[in-house]
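Undergrad:
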Amino acid sequence: MSGQPHTAPAAGSLQRQLRARHVNLIAIGGAIGTGLFVGTGVSISDAGPGGALLSYGVIGLAIFFMMGALGEMVTHRPVAGAFETYTGEYVEPALGFTVGWMYWYSCAMTIAVELVASSIIMKYWFPGSPSLLWSALFLGIILCLNLFSARIFGESEFWFAGIKVITIIVFLILGLAMIVGIMGGHEGGLSNWTTGEAPFVGGWAGTTSVLMVAGFSFIGVESAAVAAGEAENPRTTMPRAINSVFLRIMIFYVGAIAVVSTLVAYTDPNLLQASEENIAASPFTLVFERAGLAIAAAFMNAVVLTSVLSAGNSTLYVGSRLLYSMAGAGRAPRVFGRVSRSGVPVWGVLATVGISMLGFLSSLVGDSVAYTWFYNATGLTGFIVWVGVCLAHLRFRAAWKAQGRTVEDLPYRAKLFPVGTWFSLIVFVLVIIGQGVNLALAGFTWYGLLVAYIGLPIAVALWLGFKLVRGSRPTPLAEIDLSADDVE
Numbered sequence: 004m005s006g007q008p009h010t011a012p013a014a015g016s017l018q019r020q021l022r023a024r025h026v027n028l029i030a031i032g033g034a035i036g037t038g039l040f041v042g043t044g045v046s047i048s049d050a051g052p053g054g055a056l057l058s059y060g061v062i063g064l065a066i067f068f069m070m071g072a073l074g075e076m077v078t079h080r081p082v083a084g085a086f087e088t089y090t091g092e093y094v095e096p097a098l099g100f101t102v103g104w105m106y107w108y109s110c111a112m113t114i115a116v117e118l119v120a121s122s123i124i125m126k127y128w129f130p131g132s133p134s135l136l137w138s139a140l141f142l143g144i145i146l147c148l149n150l151f152s153a154r155i156f157g158e159s160e161f162w163f164a165g166i167k168v169i170t171i172i173v174f175l176i177l178g179l180a181m182i183v184g185i186m187g188g189h190e191g192g193l194s195n196w197t198t199g200e201a202p203f204v205g206g207w208a209g210t211t212s213v214l215m216v217a218g219f220s221f222i223g224v225e226s227a228a229v230a231a232g233e234a235e236n237p238r239t240t241m242p243r244a245i246n247s248v249f250l251r252i253m254i255f256y257v258g259a260i261a262v263v264s265t266l267v268a269y270t271d272p273n274l275l276q277a278s279e280e281n282i283a284a285s286p287f288t289l290v291f292e293r294a295g296l297a298i299a300a301a302f303m304n305a306v307v308l309t310s311v312l313s314a315g316n317s318t319l320y321v322g323s324r325l326l327y328s329m330a331g332a333g334r335a336p337r338v339f340g341r342v343s344r345s346g347v348p349v350w351g352v353l354a355t356v357g358i359s360m361l362g363f364l365s366s367l368v369g370d371s372v373a374y375t376w377f378y379n380a381t382g383l384t385g386f387i388v389w390v391g392v393c394l395a396h397l398r399f400r401a402a403w404k405a406q407g408r409t410v411e412d413l414p415y416r417a418k419l420f421p422v423g424t425w426f427s428l429i430v431f432v433l434v435i436i437g438q439g440v441n442l443a444l445a446g447f448t449w450y451g452l453l454v455a456y457i458g459l460p461i462a463v464a465l466w467l468g469f470k471l472v473r474g475s476r477p478t479p480l481a482e483i484d485l486s487a488d489d490v491e
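Residues 4 to 491 in our numbering are what the sequence shown spells out, letter by letter.
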């Protein structure tokens, strides 16, 4: 790897068919889903309004710097592998192998989870329908959207994610109108921020317990970088997309938490009951109902269904492109580097879907059981990838300096380097460690340990396996290839 020209897949190449608006919405589609529409209620209940807001703010700031680091590398060299490529070439091949396969595995399992969720959501309207029917239907839809061309995928994701964005904007406007008294449904002012133990319920323990939940909610924002390999004018498109997407997502999450915390007391038992099986208890549904929207539950059920399809759609895209990139670097079978005439890595799409069909187990073992295990199987993958991005950026900058280049030569520079990158790295590592602390405080069980850390042994096994087989070692700074000759 070190000191050698960048390799390319054996057959065919991706085509730059994604426009700036597509790239923007791909990241939003991947990062805004049930974590916002359903999960924020539990965060507010556990940590109070202030604790939830602080937790999402800290994680959001860490992700801001991480995305800046990723943006710097992807603007210099916009390729489909993104974080998989950078960790493999700027740190060591074993880490790239680990990050790539872990993230692909997470993509496949996430699609399976979304298939289970879709069947749960559809039973709101069709209680007696078989899970297998809805899982197969929605898998067929996202498969078709990903098989034809990147442009078709990008357009579908633009509209899928657009529905979520419009819903959130309407929610924020209605919520603000209720808070200031323009609309009825709320007469308590800001009292919910001071009732009981609020604003910080459970002190620091309550706040830190939500950090992991906040992190999981943001996973997917990095998917915009994977689209770089097929983006038009990537060196212009990607910096704008990464900056604007992050800011929008932060506004959506922080704004939604602020609105829900003001309008719904953290002691409201409904906040703990929200799930795909109980959309009526979603914080969004509760606020819409108090604003007078009689069909709030049915409306939010439809929005969450769209959200699930959007997440599955974008995740399938990302997973297939990672296989394509790894095939080009020799970290995956070369067959995944083959593309169709329209530039689609068909074998990568089919392999990802093949693993995702495990979602069909929902018809055999019960929706809730399958959903829980598929979710747990993704483990800490998002945080592992973010840690890898930070390490890659630190090494990228060190190599840039060691080879006599100046920061002025970079087409885009991360904010507050190196402080920002180190801040992100420390936060992500502390949150991973914090999983064990939270487990100990809540009452240690071996099952709980498995749920909390199942992603780590998988990552370590991949890393060690590659090192033993290939003899991987960190690439010396002077030998790191900083060229971007393979970028059109």
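All C-beta atoms, glycine included, are put in the ideal place defined by N, C-alpha and C.
#1: Is Ala401 helix, strand or coil by DSSP?
#2: Can you tell which of Ala231, Thr240, Val392 has the C-alpha that lies nearest to the C-alpha of Val102?
#3: Which whole-angstrom value describes the C-beta separation of Met112 and Ser427, a residue pair presumed to lie in contact below a C-beta threshold of 8 Å?
#4: Using C-beta distances below 6 Å, list every residue in its chain close to Ser503, excluding the 5 sequence neighbours before and after it, in chain order.
#5: Are there three or more Cβ pairs, one per stretch, closer than 8 Å when the stretch 215–225 is compared with the stretch 56–71?
#6: Indicate whether the contact test is met: 3 or more Cβ pairs, each with one atom in the stretch 161–178 and one in the stretch 294–311, closer than 8 Å.
#7: Does the Cβ of Asn316 have 16 or more other Cβ atoms within 10 Å, making it buried, or fewer, making it exposed?
#8: Could you pull out every residue in the same chain whose Cβ sits closer than 6 Å to the Cβ of Leu480, ignoring the five residues on either side in sequence?
#9: In three-state DSSP terms, what is Leu413?
#10: Would you mind giving the Cβ-Cβ distance between Thr211 and Gly437, rounded to the nearest angstrom? I have them listed as a contact below 8 Å.
#11: May I ask you to report which of helix, strand or coil DSSP gives Ser366?
#12: Determine, using beta carbons only, whether Gly84 and Ser328 come nearer to each other than 8 Å.
#13: Work out the CA separation of Met186 and Asp271 for me, nearest whole Å.
#14: Taking the alpha helix (DSSP H) that His79 falls in, what are its first and last residues?
#15: Any idea which residues DSSP pairs Leu21 with across the strands?
#16: Note the first and the last residue of the continuous alpha helix (DSSP H) segment covering Leu150.
#17: Helix, strand or coil for Ser278? Go by DSSP, reduced to three states.
#18: Are the stretch 192–205 and the stretch 44–56 in contact at 8 Å, needing three or more beta carbon pairs?
#19: If you follow the alpha helix (DSSP H) that Ser212 is part of, which residue opens it and which one closes it?
#20: Are the stretch 231–238 and the stretch 20–27 touching by the rule of at least three beta carbon pairs closer than 8 Å?
#21: From Phe164 to Ala335, what distance separates their C-alpha atoms?
#22: For Gly295, tell me which candidate among Arg324, Gly178, Val410 has the shortest Cα-Cα distance.
#23: Starting from Met105, trace the alpha helix (DSSP H) both ways and give me its first and last residue.
#24: Helix, strand or coil for Phe129 per DSSP?
#25: From this set, Phe67, Glu92, Phe156, which residue's C-alpha is nearest Leu484's C-alpha?
#26: Please name the residue in Gly407, Leu394, Tyr415 whose C-alpha comes closest to that of Phe431.
#27: Looking at C-beta atoms only, is the number of pairs between the stretch 452–462 and the stretch 68–82 that lie closer than 8 Å three or more?
#28: Please work out which residues of its chain come closer than 7 Å, Cβ to Cβ, to Pro414, disregarding the five sequence neighbours upstream and downstream, and give them in chain order.
#29: Grab the span of the alpha helix (DSSP H) containing Lys418 for me, first residue to last.
#30: So is Pro96 buried or exposed if we call it buried at 16+ other beta carbons inside 10 Å?
#31: Short of 8 Å in beta carbon distance, which residues of its chain neighbour Asn149, apart from the five on each side in sequence? Order them along the chain.
#32: Assuming Ala332 contacts Thr90 under a Cβ cut-off of 8 Å, what Cβ separation, rounded to an integer in Å, is found between them?
#33: Thinking C-alpha only, which one of Phe151, Val26, Phe469, Gly423 is nearest His396?
#34: With DSSP run on the structure shown, which of helix, strand or coil describes Pro460?
TA: Reading from the atomic positions:
#1: helix
#2: Val392
#3: About 25 Å; that fails the 8 Å criterion.
#4: Nothing can be reported for residue 503: it is not among the residues displayed for the chain, which extend from 4 to 491.
#5: yes
#6: yes
#7: buried
#8: Ala401, Ala402, Ala405
#9: coil
#10: 6 Å
#11: Because Ser366 sits at a pLDDT of 48, beneath the cut-off of 50, its placement in the model cannot be relied upon, and the point is left open.
#12: yes
#13: 21 Å
#14: 43–79
#15: Ala234
#16: 134–150
#17: strand
#18: yes
#19: 206–221
#20: yes
#21: Contrary to the premise, residue 164 reads as Ala rather than Phe in this sequence. Roughly 31 Å separates the two Cα atoms.
#22: Gly178
#23: 96–125
#24: coil
#25: Per the sequence shown, the amino acid found at residue 484 is Asp instead of Leu. Asp484 has its Cα closest to that of Glu92, out of Phe67, Glu92, Phe156.
#26: Leu394
#27: no
#28: Thr78, His79, Arg238
#29: Segment: none, Lys418 is in no alpha helix (DSSP H) and carries neither H nor E.
#30: buried
#31: Phe156, Asn316, Leu319, Tyr320, Ser323, Val347, Val352
#32: In fact, because the Cβ distance is near 11 Å, the residues do not count as touching under 8 Å.
#33: Gly423
#34: helix
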